[in-house]
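These notes are about the structure you will find just below.
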Amino acid sequence: MASYTISVNGNSLAVDSRDPDQPLLYVLRNSLGLTGAKFGCGLGQCGACTVIVDGEATRSCQMPVAAAVGRKITTIEGLGAPDKPHPVQAAFIAEQAAQCGYCTNGMVMTSTALLARNGKPTLGEAKEALAGNLCRCGTHQRILRAVMRVAGRVAP
Amino acid sequence: MTALLSRRTLIKSGGAMIVGLSLSGRGLAQVLPAAEAALGKTVDAGELDGFFAVHENNSVTLFCGKVDLGQGLRIAIRQMAAEELGIGVDRIAMVEGDTALTPDQGATAGSSGIMRGGVQIRQAAATAREALIRLAAERLGQPAEALEAVNGEVRPKAGGKGVGYGALIGNKRFGLKLDAKAPLKDPGTYVVVGKPLPRPDVPEKVTGHHTYVHDLKVPGMLHGRILRPPSIGAKIIEVDEASIRNIPGAQVVRLNDFLGVVAEEEWDAVQAARTLKARWSESATLIGHDGVRDWMRAGPFMADEGLTKKGDAGASLAGAAQRVSGTYYWPLHTHGSMGPSCAVADVRDGKATIWSASQATHRLRLTLAKILTLQPENVRVIYLDGAGCYGMNGHDDASADAALLSKALSRPVRVQWMREDEHGWDPKGPPQLLALEAALGADGRIAAWRTEMWIPKATAGLPNIPLLGPAEAGIAQVQGISTGLISQNAGPMSYNVPNVEVVVHWLKDSPLRPSNIRAPGKIANCFAVEGFVDELAAAAKRDPVEFRLDGLSDPRGIEVLKRTAALLGWKPRPSPGPGGLGRGIAYVHYKNNETYVAIGMEAEVDRASGAIRVHRIACAHDCGLVINPDALRQQIEGNILQTLSRTLFEEVTFDRARVTSVDWASYPILTFPDVPAVLIEVIDRPREPPLGAGEAATTPVPAALANAIFDATGARLRNVPFTPERMKQALARGAA
Chain D
1 MASYTISVNG NSLAVDSRDP DQPLLYVLRN SLGLTGAKFG CGLGQCGACT
51 VIVDGEATRS CQMPVAAAVG RKITTIEGLG APDKPHPVQA AFIAEQAAQC
101 GYCTNGMVMT STALLARNGK PTLGEAKEAL AGNLCRCGTH QRILRAVMRV
151 AGRVAP
Chain B
1001 MTALLSRRTL IKSGGAMIVG LSLSGRGLAQ VLPAAEAALG KTVDAGELDG
1051 FFAVHENNSV TLFCGKVDLG QGLRIAIRQM AAEELGIGVD RIAMVEGDTA
1101 LTPDQGATAG SSGIMRGGVQ IRQAAATARE ALIRLAAERL GQPAEALEAV
1151 NGEVRPKAGG KGVGYGALIG NKRFGLKLDA KAPLKDPGTY VVVGKPLPRP
1201 DVPEKVTGHH TYVHDLKVPG MLHGRILRPP SIGAKIIEVD EASIRNIPGA
1251 QVVRLNDFLG VVAEEEWDAV QAARTLKARW SESATLIGHD GVRDWMRAGP
1301 FMADEGLTKK GDAGASLAGA AQRVSGTYYW PLHTHGSMGP SCAVADVRDG
1351 KATIWSASQA THRLRLTLAK ILTLQPENVR VIYLDGAGCY GMNGHDDASA
1401 DAALLSKALS RPVRVQWMRE DEHGWDPKGP PQLLALEAAL GADGRIAAWR
1451 TEMWIPKATA GLPNIPLLGP AEAGIAQVQG ISTGLISQNA GPMSYNVPNV
1501 EVVVHWLKDS PLRPSNIRAP GKIANCFAVE GFVDELAAAA KRDPVEFRLD
1551 GLSDPRGIEV LKRTAALLGW KPRPSPGPGG LGRGIAYVHY KNNETYVAIG
1601 MEAEVDRASG AIRVHRIACA HDCGLVINPD ALRQQIEGNI LQTLSRTLFE
1651 EVTFDRARVT SVDWASYPIL TFPDVPAVLI EVIDRPREPP LGAGEAATTP
1701 VPAALANAIF DATGARLRNV PFTPERMKQA LARGAA
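One line per chain: the protein sequences are D and B, in this order.
If you count the first sequence from 1, position 122 lands on 122 in the working numbering, and the numbers rise without skipping.
If you count the second sequence from 1, position 321 lands on 1321 in the working numbering, and the numbers rise without skipping.
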């Protein structure tokens, strides 16, 4: 059983993993109790497991724990809490941009990464950034409105 | 916290929920109301105590048999209760779908959450309010008529000191039957119902703090994965348990052809499932998706049935000068839940607790009791949110999987399906085939109409659809298929057609295990009927909106149609139009007696690639009394976009052995770049009963799009999905 020191939400944490290829997602959810990131497909196709790694929206189901060492990882729990939400989370709340909410983690994390590198995305840029994040309930419009709200643009 | 929130409780820790002997300081609205102290309470839906408990601190717990699958009844039903009870929604905690605590209000299905579940709870709340006023009348020495229930207290209408609900009955039982005659408040006085109150679960969902069944951890829990057969119906020949001996703690559980693995660590369970060597028999019993249409025409059939007979459609069609016909096909669909199905089961010492995202926990309890050979009273099913399911997806199967593993090992087991399990094995929306024929009269109206359809027949009285795990394990279940009420809305019932015949050829089976999926059957039926109405309007060279209005007599139907047309700035003219951007419209009176919806769409087609681009979608929606207009709009948005996805992209593919669309690459759905603008107008009718909104707005979507495409191109699409390939073929055929 090897130990890996990873940086999650500003904390340096040692986690054990028998398999260096264990995806970061399982480590976050099971070893660290950070269950905000969700298992959706395990194939990098849906985005439910998205975390921010060194500023990039990253599929945690595709990143081996060994590859996460030395990277700066932010999970949705690291952004804010229900009583103190991050501005992107606050915009999602204001727009009520969740139905079942299973994809929401990926929507929030991908939007946060987008807005960090481009504070004023157009609607088209937001759609493009979120193109790899799937939602089955049909909450797309509200998610886009939340991103436009943070960008200070007129909602679609 | 109230006495209901006891020491042995459900608490949250670091985003995961852990069952343990501890307390949490979270607020009433956030915490899953811990329930053990309430165990033993009645779950009788005829008893007021079945639904409500009033606590000494003036808070209330509402025990709701319906569950929030993402559709927002977690706020809407609270609003209905708060309004009648005279207390703020923030003072009401809600327990959902716990068979030990909540009455059986039926499955959360068929758009019944508000219109049946909420209405029943509203009546219970009115009963409670009247009881509280009677208690206060005694306490205050005033006549009941002089008192009112407001903000959690009963007080004299004329002013003066009131008495809180907690002081009146806190922590004591009402001991009353539900009073069907308890007066309801005048909608003109509503202060909570009709307000766009935010949903209580959204802040937790967008911060990663909401507890899904996938996030539940119980002490001593193992992680399980199931190895479904490589082909449907295959049998195990041999399992090489030694093949996973390098994975620490991994164990095989085999019950006949039910094969699972467990491990202490989830990743080890995943690896064990991938590594385990098993030999299976071959099986090739399926039709294959390309063969479904022919198979539906050929049978075998259960029966033929006439659903509607009005006038003499046969004679009228035979003698008609202008006849039109068209055949419409709807393929199999998956629920496509974003999260693979999951459940946690603890089956030990003759008792079972199963945490499940089932839409029908009471029904599942009876099913699991049979599977586990336990008495139902020793089985408890507790609802926790799953990924949105839109009908019965794999959650019930995963519950049975977890229960079988837990029983075999006498330890709690969490089972989560993998993506290929969900796409491959969730019960599917069944295929539908409709052949339509109609005659136009000399007046340009529909003179006669005949619908002939081929659909699988649901097995009468089937308690639950046969679940995978028990079937593989050889545990007896009632066999049969379940599809929901898929024959509704298959005729032109709204349009005053004098001669109508609707007949159905009931198929004995379905190509893959079916279940109810959102608006069962009615999306395909409305696709056919409203697409065909458009074909008739075009044959009559009449404007599609005017053609429909000419036949409609229900003023609520007329209003949604007119408002939708107005939202798109509709100018009357026949279809097809001049090319470029096309517009189409479709209408439904859901189940012929529920919600009214019209949907209009603007779309264009790239003739070279066959790509369809939807620009704007408009919807006017009348579901009677609106409980929460924002939650309602969200349901309408979701109905529209999900069905746009089903129409444009989706078809379950399968060969002779297995489903082959087992991920999001082989079963694509709508993505953000495809999302059009959606304009919604909600019509509130406070004096009308509240109707369902979880399904109705799905149904006109495919026809509205097909009609817009016809308007743009003159080509008619009658097969879903509207792939670029199909579009190009239709364009090559030219105007239909």
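Ideal Cβ placement from N, Cα and C applies to all residues, glycine included.
These numbers come from a predicted model, not from an experiment.
Using a beta-carbon distance below 8 Å, is residue i in contact with chain D?
| i | result |
| --- | --- |
| I1585 (chain B) | no |
| N1639 (chain B) | yes |
| L1705 (chain B) | no |
| D1401 (chain B) | no |
| L1069 (chain B) | yes |
| A1131 (chain B) | no |
| E1535 (chain B) | no |
| L1184 (chain B) | no |
| D1630 (chain B) | yes |
| G1160 (chain B) | no |
Give a yes or no on whether 8 Å exceeds the smallest Cβ distance from residue i to chain B.
| i | result |
| --- | --- |
| G42 (chain D) | yes |
| V150 (chain D) | no |
| N9 (chain D) | no |
| K72 (chain D) | no |
| N118 (chain D) | no |
| E128 (chain D) | yes |
| R59 (chain D) | no |
| L24 (chain D) | no |
| E77 (chain D) | yes |
| C49 (chain D) | no |
| D19 (chain D) | yes |
| R153 (chain D) | no |
| P64 (chain D) | no |
| G138 (chain D) | yes |
Would you kindly work out how many angstroms separate the C-alpha atoms of residue i and residue j, rounded to a whole number?
| i | j | result |
| --- | --- | --- |
| L1176 (chain B) | R1078 (chain B) | 21 Å |
| A1439 (chain B) | Q1322 (chain B) | 6 Å |
| P1300 (chain B) | V1652 (chain B) | 22 Å |
| N133 (chain D) | C46 (chain D) | 5 Å |
| L1048 (chain B) | A1124 (chain B) | 6 Å |
| K1181 (chain B) | A1137 (chain B) | 20 Å |
| S1332 (chain B) | R1513 (chain B) | Here residue 1332 (chain B) is Leu; the residue named in the question, Ser, does not match the sequence. Rounded to whole angstroms, L1332 (chain B) to R1513 (chain B) spans 10 Å at the Cα level. |
| L1644 (chain B) | Q1634 (chain B) | 15 Å |
| G1624 (chain B) | L1184 (chain B) | 16 Å |
| V1682 (chain B) | L1567 (chain B) | 12 Å |
| C1342 (chain B) | D1179 (chain B) | 39 Å |
| I1709 (chain B) | M1727 (chain B) | 9 Å |
| L1255 (chain B) | P1702 (chain B) | 44 Å |
| Y1212 (chain B) | S1281 (chain B) | 37 Å |
| K1591 (chain B) | G1491 (chain B) | 11 Å |
| V1261 (chain B) | A1037 (chain B) | 36 Å |
| A14 (chain D) | D21 (chain D) | 16 Å |
| A1298 (chain B) | I1237 (chain B) | 34 Å |
| V147 (chain D) | A126 (chain D) | 7 Å |
| F39 (chain D) | V1605 (chain B) | 36 Å |
Beta carbon of residue i: closer than 7 Å to some heavy atom of the ligand GDP?
| i | result |
| --- | --- |
| A1038 (chain B) | This structure simply doesn't include the ligand GDP, nor any ligand for that matter. |
Check residue i in the structure and name its three-state DSSP category.
| i | result |
| --- | --- |
| H1055 (chain B) | coil |
| R1737 (chain B) | The structure shown has nothing for residue 1737 (chain B), since chain B only spans 1001 to 1736. |
| C1064 (chain B) | strand |
| W1664 (chain B) | coil |
| I1455 (chain B) | strand |
| R1616 (chain B) | strand |
| N1593 (chain B) | coil |
| G1117 (chain B) | helix |
| W1425 (chain B) | helix |
| W1267 (chain B) | helix |
Measure the beta-carbon distance from residue i to residue j and round it to whole angstroms, keeping in mind my assumption that it falls under 8 Å.
| i | j | result |
| --- | --- | --- |
| A1706 (chain B) | G1551 (chain B) | About 19 Å; that fails the 8 Å criterion. |
| T1647 (chain B) | I1599 (chain B) | Actually they are not in contact, since the Cβ atoms of T1647 (chain B) and I1599 (chain B) sit about 11 Å apart, beyond 8 Å. |
| G1166 (chain B) | V1054 (chain B) | 6 Å |
If we cut at 8 Å on Cβ distances, does residue i have a partner in chain A?
| i | result |
| --- | --- |
| H1214 (chain B) | Among the protein chains in the structure shown, which are D and B, there is no chain A. |
> Taking a cut of 9 Å between CB atoms, which residues from the region 1192–1207 of chain B lie near chain D?
Replying inline: P1196, P1198, R1199, D1201, V1202, P1203, E1204, K1205, V1206, T1207
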